[in-house]
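> Letter by letter, the first sequence follows residues 421 to 853 in this note's numbering.
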Amino acid sequence: MIRVRFAPSPTGNLHIGGARTALFNWLYARAKSGEFILRIEDTDKLRSRQEYVDEILGSLKWLGFEWNEVYYQSQRLKRYQECAEKLLAQGKAYKEKSPEKGEAVIFKVMPQNIRINDLIRGEIVFDSKAIKDQVLIKSDGTATYNFACVVDDADMNISHVIRGDDHISNTPKQVLLYEALGLPLPVFAHLPLILGAEGGRLSKRTGATAISDYRRMGYLPQALVNYLLLLSWAPGEDREVMDIQEAIKLFDIKDVNKTAAAFDMHKLNWINSQYIKEEDPQKITDIVIPLLIERKYIDKDNFDRNYVFSLVKLFQGRLNTLAEFAEWADFFFTEDPVMDPEAEEKFLAKDLSREFSLFSERLASLHVFEVSTIEESFRQLVKELGIETRALIHPLRVALTGKTIGPGLFEVVYYLGRERTEKRLRRWIKGRS
RNA sequence: GUCCCCAUCGUCUAGCCUGGUCUAGGACAAGAGCUUUUCAAGCUCUCGACACCGGUUCAAAUCCGGUUGGGGACACCA
């Protein structure tokens with residue numbers, strides 16, 4: 421039975437790198453009908469925080485990575501001490517007293533070559549000369565990372581340790597501990613790191629950090645997972661946008677690349693836009709409503725869901741993120757549109773009182789107010805005035821929305837409604853009432 | 001500094017294992033065009049890479065060595 425684990429430490433939020441490690445573990449378990457175990461590595465009492473545990477668990481759930489079991493290292497201290505005692509008794513470890521800190525248990529590293537067989541990288545050989553004696557139990561009685569990790573992976577029957585590249589140099593230390601404790605070795609697979617856009621470490625500057633931030637920015641979890649999937653792995657046949665079930669069929673940890681990949685926000689945005697286009701507009705409405713409430717565009721207890729739904733359909737094809745919806749559709753929710761000064765200068769500097777009031781009158785006299793009849797009357801008007809369509813359509817859009825970009829004008833008029841349209845036009849009509 | 005990992009378009013990658021089918025394929029980005037009611041979408045096209053040097057071989061992106069470059073690790077953090 422394949423058993424893999426994801427072992428975050430709750431000293432920060434779940435970030436892109438961690439999410440990718442979780443994804444590959446979870447995916448491998450699913451692909452091989454194995455089990456995915458979650459282990460919270462909270463041995464550092466000072467830096468671990470409950471709020472981070474909550475954030476990490478929440479983000480994993482949001483991404484869709486359900487786990488079979490969950491463990492907390494803080495609850496297993498006795499077990500680590502027990503194993504340390506065993507090594508002490510066998511003379512493989514010793515105690516060291518330091519006046520400031522107290523007594524620690526330290527593992528004796530014997531000179532030897534250590535070879536590990538990595539599923540992704542093949543054989544790697546280390547000389548233990550470069551490895552110092554390792555602290556197993558700190559003087560506060562808690563276990564160090566490398567020790568707790570080995571004891572846990574063995575106790576939890578982890579068959580494959582899939583983790584980031586940055587753990588390669590921990591591996592020989594851990595192998596030594598497995599051997600000293602007489603425990604069977606798991607298979608190791610070290611994933612290449614994810615780099616920031618400029619090639620360096622992933623940071624706030626090079627691409628936001630926490631997964632919960634991506635959620636807030638209006639990324640769909642399926643899209644984020646799909647993008648992460650494509651970093652250091654390719655399904656072949658030039659496939660890119662693919663649902664997770666398809667990925668489960670095609671994925672194998674052996675096919676993961678060795679090369680680090682840079683995180684590219686552009687491509688994430690593109691994939692997200694593809695998913696937004698395909699997603700059920702009802703679901704998008706569900707996601708977008710809290711964003712609108714947050715901006716006070718709608719009232720939490722009293723809003724027209726159907727209206728929001730219609731607008732979602734209007735914008736769905738042109739969004740990179742759902743946060744953009746709140747940004748671009750703002751004029752549907754406010755009393756007056758926020759004017760873009762440049763757009764105003766360009767399209768509304770000229771006096772269009774006559775044209776605007778004529779259009780306003782035509783709208784008022786419409787028996788049936790719908791997109792097609794609005795368009796008909798507009799085209800008729802333009803014809804009568806003998807002007808170009810665009811000469812009137814752009815100023816109208818700016819007057820109604822404050823922007824030069826957005827959905828089709830007739831849809832805008834329709835969903836704005838007769839009253840609000842007329843009110844917004846009136847502002848630009850001089851000397852008439 | 002020591003140890004380890006890595007190296008194909010700006011970015012993600014296919015190809016590498018099992019040399020010839022590679023004047024290196026796809027996607028994102030960028031640029032141009034079509035369409036058009038703006039923006040976007042969509043469609044078409046363009047730009048653009050085997051890090052370098054040497055070796056093996058009839059033949060190297062592919063195998064070997066070195067150089068350079070990038071990344072990571074060297075805690076009583078995880």
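Virtual Cβ for every residue (Gly too), placed ideally from N, Cα, C.
Quantities reported herein were computed from a predicted structural model and do not represent experimental measurements.
According to DSSP, simplified to helix, strand and coil, what is L640?
Indexing the first sequence from 1 puts residue 640 at position 220. Three-state DSSP puts L640 in coil, outside helix and strand.
> Please state if the CB of K687 and the CB of P612 are separated by a distance shorter than 8 Å.
Reading the first sequence from its first residue, position 192 is the one you call residue 612. Reading the first sequence from its first residue, position 267 is the one you call residue 687. No, they are not a contact pair.
> Between which residues of its own chain and K733 is the CB-CB distance below 6 Å, once the five residues before and five after are set aside?
For the purposes of this step, residue 733 is taken as residue 313 along the first sequence, with counting starting at 1. These residues qualify, in order along the chain: P701.
> Between I460, L640, R450, A442, which lies nearest to Q495 when the distance is taken from Cα to Cα?
Taking the first sequence and counting its residues from 1, the one referred to as residue 495 is at position 75. Restricting attention to I460, L640, R450, A442, the CA atom closest to the CA of Q495 is found in I460.
> Should E790 be labelled buried (16 or more other beta-carbon atoms within 10 Å of its own) or exposed?
What you label residue 790 is simply residue 370 of the first sequence in a count that begins at 1. Classification of E790: exposed, given that the 10 Å Cβ count is below 16.
> Of the choices S429, F683, N740, D572, whose alpha-carbon is the least far from that of K498?
Translated into the one-based positions of the first sequence, residue 498 becomes position 78. Of the listed residues, the one whose Cα sits closest to K498 is D572.
> Can you tell me the Cα-Cα spacing of L812 and A749, whole angstroms?
As a position in the first sequence, residue 812 is number 392, starting the count at 1. As a position in the first sequence, residue 749 is number 329, starting the count at 1. Rounded to whole angstroms, L812 to A749 spans 21 Å at the Cα level.
> To the nearest angstrom, report how far apart D474 and L434 are at their CA atoms.
Taking the first residue of the first sequence as 1, we reach residue 474 at position 54. Taking the first residue of the first sequence as 1, we reach residue 434 at position 14. About 10 Å.
> Out of curiosity, what's the CA-to-CA distance linking S853 and R846?
As a working note, residue 853 is residue 433 in the first sequence. As a working note, residue 846 is residue 426 in the first sequence. Any answer about S853 is weak, because its pLDDT of 46 lies below 50 and its placement is not dependable; what the coordinates show is given next. Looking at the two C-alpha atoms, the distance is approximately 8 Å.
> Is it buried or exposed, H787, if we count other Cβ atoms within 10 angstroms and call 16 or more buried?
For the purposes of this step, residue 787 is taken as residue 367 along the first sequence, with counting starting at 1. H787 is exposed by the Cβ-count criterion.
> Less than 8 Å separating the beta-carbons of S652 and A681?
If you number the first sequence from 1, residue 652 lands on position 232. If you number the first sequence from 1, residue 681 lands on position 261. S652 is a Cβ neighbour of A681, given a cutoff of 8 Å.
> Can you grab the Cα-Cα spacing for the pair S730 / R425, in whole Å?
Taking the first sequence and counting its residues from 1, the one referred to as residue 730 is at position 310. Taking the first sequence and counting its residues from 1, the one referred to as residue 425 is at position 5. Straight-line Cα distance between these residues: approximately 43 Å.
> What are the partner residues of F546, as DSSP defines its beta bridges?
Stepping through the first sequence from its first residue, residue 546 is reached at position 126. Paired residues: I534.
> In angstroms with no decimal places, state the Cα-to-Cα distance between I849 and F798.
Here residue 849 refers to the residue found at position 429 when the first sequence is read from its first residue. Here residue 798 refers to the residue found at position 378 when the first sequence is read from its first residue. For I849 and F798, the distance between alpha carbons rounds to 17 Å.
> For the region 570–588 against the region 515–527, are there 3 or more C-beta pairs whose distance is under 8 Å?
no
> Within 10 angstroms of its Cβ, does K593 collect 16 or more other Cβ (buried), or is it exposed?
Taking the first residue of the first sequence as position 1, residue 593 is located at position 173. Of the other Cβ atoms in all chains shown, 16 or more fall within 10 Å of the Cβ of K593; this residue is therefore buried.
> Can you tell me which of the three DSSP states H814 falls into?
The residue labelled residue 814 in the question sits at position 394 within the first sequence. Helix, per DSSP.
> Whose C-beta lies closer than 6 Å to the C-beta of L615 among residues of the same chain, with five residues either side of it excluded?
Along the first sequence, read from residue 1 onward, the residue named residue 615 stands at position 195. Closer than 6 Å at the Cβ level, and outside the excluded window around L615, lie A680, A682.
> Return the bridge partner residues of S518 from the DSSP annotation.
Residue numbering aside, residue 518 sits at position 98 when the first sequence is read from its first letter. Beta-bridge pairing links S518 to G522.
> Count the other C-beta atoms from every protein chain shown that fall within 10 angstroms of the C-beta of P606, then say buried if there are 16 or more, exposed otherwise.
Here residue 606 corresponds to residue number 186 of the first sequence, with the count starting at 1. Buried, since its Cβ has 16 or more Cβ neighbours within 10 Å.
> When DSSP builds the beta bridges, which residues end up paired with L611?
In the first sequence, counting from the first residue as 1, residue 611 sits at position 191. Partner(s): G584.
> Helix, strand or coil for I673 per DSSP?
Within the first sequence, the letter at position 253 stands for residue 673. I673: helix per DSSP, three-state reduction.
> Out of curiosity, what's the CA-to-CA distance linking L466 and L458?
For this step, residue 466 is matched to residue 46 along the first sequence. For this step, residue 458 is matched to residue 38 along the first sequence. Approximately 21 Å, taken between the alpha carbons.
> Taking the runs of the beta strand (DSSP E) that are 3 residues or longer, which of them lie wholly in the region 477–515?
Whole beta strand (DSSP E) segments, 3+ residues: 489–492.
> May I have the straight-line CA-CA distance separating G484 from P641, to the nearest angstrom?
As a working mapping, residue 484 is identified with position 64 in the first sequence. As a working mapping, residue 641 is identified with position 221 in the first sequence. The straight-line gap from Cα to Cα measures roughly 8 Å.
> For the region 820–830 against the region 801–810, are there 3 or more C-beta pairs whose distance is under 8 Å?
no
> Using a Cβ-Cβ cut-off of 6 Å (strictly less than) and excluding sequence neighbours within five positions of P655, which residues of its own chain qualify?
Mapped onto the first sequence, residue 655 falls at position 235. Contacts found: L670.
> Using a Cβ-Cβ cutoff of less than 7 Å, which residues in the same chain neighbour V802 once the five nearest sequence positions on both sides are dropped?
As a first step, residue 802 must be located in the first sequence, where it is residue number 382. These residues qualify, in order along the chain: T809, L812.
> Between I557 and the rest of its own chain, which residues show a CB-CB distance below 8 Å, the 5 nearest in sequence each way excluded?
The residue you call residue 557 lines up with position 137 of the first sequence. Cβ within range, chain order: Y500, Q501, A504, A524, V525, A563, T564, F567.
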